[in-house]
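Visitor:
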Amino acid sequence: MQMQMDAAAELQKVEDSLKRDRPPSPPKDMSRKARRKAVKDSTEFYYDMDKAEEEENDPGVATTDLVKKVKILQRSSARGYNAWESYIVSKGNKTKDPRLHHDDFLKGFLEAVSRGDFGEVPGAVAILGGECS
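In this note's numbering, the protein residues as written are 2 to 134.
1) If the criterion is Cβ atoms closer than 9 Å, does the pair residue 93 and residue 123 meet it?
2) On the CB-based measure, 16 or more other CB atoms within 10 Å of its CB, does residue 101 come out buried or exposed?
3) Taking residue 72 as the reference, give the member of 9, 4, 115 and 128 with the closest Cα.
4) Name the two residues that bound the continuous alpha helix (DSSP H) containing residue 122.
5) Report buried or exposed for residue 97, applying the criterion of at least 16 other Cβ atoms within 10 angstroms of its Cβ.
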């Protein structure tokens, strides 16, 4: 038993000699932020209403009504999803998310669906209303 205790004490001495010395702790009166080296200035992250309205009214961004119509058509059936995918491929585009397309692109898709270019798409009459023939 004494041999085991001696061996454990010897191992403890070796481990203690291999440990790095820690730097002293900072004084308690310093605030946490003052000790940090890279503190971000959060003032730039406040929400700017004027800028948000400008971006929302930007003609390059799709309006939410058109995006909702396309998404509903996509979710209405497999035929609606395939129609959207076929329209994207036919226009040489790879982006499937309707939010990332312009209004003209989305209007073109809805017009193609209303003309019947993709066959009978379930839900098209309900979504497009009188526009669908």
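All residues carry an ideal CB built from backbone N, CA and C; glycine is no exception.
Guide: Per the coordinate set shown:
1) no
2) exposed
3) 128
4) Residue 122 -> no alpha helix (DSSP H), and no H or E assigned at all.
5) exposed
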